[in-house]
Amino acid sequence: MTRHQRGLILPALLVLLIIGGMVAMLGGNTLAEQVIARRQQATMAELARARAALIAYAQSYPYSHPGQTFGYLPCPDTDSASGDGNAAGVCGSAGHFAIGRLPYRTLGLSPLRDGDGECLWYAVAGPFKNNPKGPSMDWDTPGQFEITDTTRTLNPAAHADQRAAAVVFAPGRPLTNQARTTNGNHRCGGDADAAVALQAYLEGAPAAPSANQAVSLTRGLPTATANNDALAWISADDIFDARLLARSDFVAEINNMNSRLKAAVTHHPQPAPTNATPVGPVDVGAFPAPMSASEITAYEALVARPLTSEERAANDTLRQSAPWHGQYRYLRCRDGSACLNWADDTGIVRPCVAVVAFAGHRLDNQDRADGIVDTEAFFEGPNVAAINTASTFVGPATYAGNAPATDLIQCVF
């Protein structure tokens with residue numbers, strides 16, 4: 002070996018060491034990134050499972066709770082001392098959102114864990130809680146959560162029903178300021194009381210429940226040091242989706258409700274509309290409120306007879322359909338004559354002593370924030386004038402799943 006060849010060995014070794022170090026460094030970063038990616042993939046899959054289960058729960062609510070309507074969501078698991086994964090029987094005050102662990106047992110699931118092995122958490126908006134329930138539950142029910150990533154809103158909502166009705170959280174690994182404890186008695190870690198455990202798991206969620214206002218929830222990043230929460234959410238549009246609106250059981254529910262309400266205002270002991278506005282010879286308003294047990298007793302004493310079976314059935318209908326009352330206008334001729342008209346779907350004009358008008362699903366350009374008193378936000382075409390001037394109503398009596406926005410008209414002859 003010449004002196005010149007020996008002189009080349011040291012630089013060559015240095016080059017090999019540098020290349021080897023770069024390969025090791027790049028390979029290490031790639032491996033770390035792959036681990037994070039796999040964990041994130043597992044997290045997103047479990048969030049998707051939870052989201053689908055919540056939608057299924059809301060869309061099948063009448064089957065698990067006979068006599069009630071679609072759309073309600075379970076309370077969170079707020080106290081796992083009573084058993085991991087079970088929804089609380091009651092969660093907070095009416096209208097206030099509730100937050101806790103995902104009630105996986107109630108949803109028919111095994112414990113769902115994110116890519117870091119932590120159980121999922123869950124928040125439900127006040128209007129969507131199944132206990133205590135809000136005053137309404139329909140496709141216009143407002144969500145409560147606005148989801149951000151600190152720079153932008155991820156679910157921009159032109160209407161209140163487009164805000165999130167429920168949010169599922171994957172807490173990820175504990176951050177430096179979070180101390181998480183294991184609990185040998187329960188499958189999910191942390192204090193059994195979700196309110197106590199909350200700060201050790203979630204960074205992007207407020208602990209204090211609130212009502213009647215939008216609540217901001219922040220999605221983090223898996224590698225962030227201040228917030229690594231991953232989020233998934235659903236809105237009223239996800240629950241009352243096109244598949245549900247066309248489903249035979251939903252179609253039957255709407256049509257049965259309309260038929261029962263027509264009978265109810267025919268046979269109710271006090272059939273006049275409430276909160277009524279006089280329009281010529283017609284009163285335009287809402288359905289009478291159902292009578293309570295004490296009110297029934299007082300009424301029976303007043304008229305010196307018990308309620309008839311028809312009257313009791315009508316009162317039950319008013320109570321059971323109350324969550325949908327925000328979709329209706331009820332018009333009644335003040336003197337009991339047939340002063341209203343309805344052109345049915347065949348074009349035949351029929352006289353009516355009263356009309357039950359069902360608004361149907363909101364169109365994209367309709368803002369229903371002001372409630373059904375904003376007639377043009379609920380009804381379309383000739384029916385806007387029919388409500389405002391007591392002119393002729395137009396439309397079918399029967400709901401069709403392929404036309405959920407169509408106004409439905411029930412004529413009381």
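The number in our numbering is simply the position in the sequence shown, starting from 1, with 1 added. Just so you know, even glycine gets a beta-carbon here, dropped at the ideal spot from N, CA and C. On a predicted model such as this, the values are computed, not experimentally measured, just so you know.
| query | result |
| --- | --- |
| Rounded separation between T183 and G327 - CA only | 47 Å |
| Buried versus exposed, by CB contacts within 10 Å (16 or more), Q411 | buried |
| Buried versus exposed call for A370 [16 or more other C-beta atoms within 10 Å across all chains shown] | exposed |
| For S295, the three-state DSSP class (helix, strand or coil) | helix |
| Y64, enclosing beta strand (DSSP E) - first and last residue | No beta strand (DSSP E) contains Y64, which is instead part of the alpha helix (DSSP H) from 62-65. |
| Helix, strand or coil at G286 [DSSP, three-state] | strand |
| Given C345 as reference, the closest of R330, V395, Q41 once Cα atoms are compared | In the sequence as displayed, the identity of residue 345 is Asp instead of Cys. If we check each option's Cα against that of D345, V395 comes out closest. |
| CA-to-CA distance, N403 to K263, given in whole angstroms | 23 Å |
| Residue from S293, T177, D141 with nearest C-alpha to A1 | Not covered by the structure: residue 1. The range shown for the chain is 2 to 414. |
| Three-state secondary structure (DSSP) of K134 | coil |
| Local conformation of A265 per DSSP, three classes | helix |
| Alpha-carbon spacing of G415 relative to R313, whole angstroms | The chain is shown only over 2 to 414; residue 415 falls outside these bounds and no answer can be derived. |
| Per-residue DSSP class, three states only, for Q35 | helix |
| Residue nearest to F288 in terms of C-alpha spacing, selected from N276, D317, N257 | N276 |
| Spatial neighbours of A447 in its chain, beta-carbon cut-off 7 Å, leaving aside the 5 residues before and after | There is simply no residue 447 to check, as the chain begins at 2 and stops at 414 in what is shown. |
| Environment of P307 [buried if 16+ CB atoms lie within 10 Å] | exposed |
| CB-CB length for G96 against G144, believed under 8 Å | At roughly 13 Å, the Cβ-Cβ gap does not stay under 8 Å, so G96 and G144 are not in contact. |
| Outcome for Q427 when other beta-carbon atoms lying within 10 angstroms are tallied against a minimum of 16 | Nothing in the structure corresponds to residue 427, since the chain is present only between 2 and 414. |
| Per DSSP, the bridge partner or partners of E254 | None, per the DSSP bridge assignment. |
| The beta strand (DSSP E) enclosing P279, as first and last residue numbers | 275-280 |
| Pair within 8 Å by beta-carbon distance, V416 and A158 | Residue 416 cannot be examined here, being either before or after the span of the chain that is shown, 2 to 414. |
| Boundaries of the alpha helix (DSSP H) in which T390 is found, first to last residue | 383-390 |
| Which listed residue (D336, R320, R102) has its alpha carbon closest to that of V280 | D336 |
| Three-state secondary structure assigned by DSSP to R244 | helix |
| For G396, three-class secondary structure by DSSP | coil |
| Rounded C-alpha distance that separates L1 from E119 | Past the edges of the chain, shown from 2 to 414, lies residue 1, and the structure says nothing about it. |
| Burial state of N259 (16 or more Cβ within 10 Å) | buried |
| Three CB pairs or more closer than 8 Å across the region 316-331 and the region 346-364 | yes |
| Own chain partners of D192 with C-beta closer than 6 Å, once the 5 adjacent residues on each side are dropped | A198 |
| Beta-ladder partner(s) of A358, from DSSP | R330, I410 |
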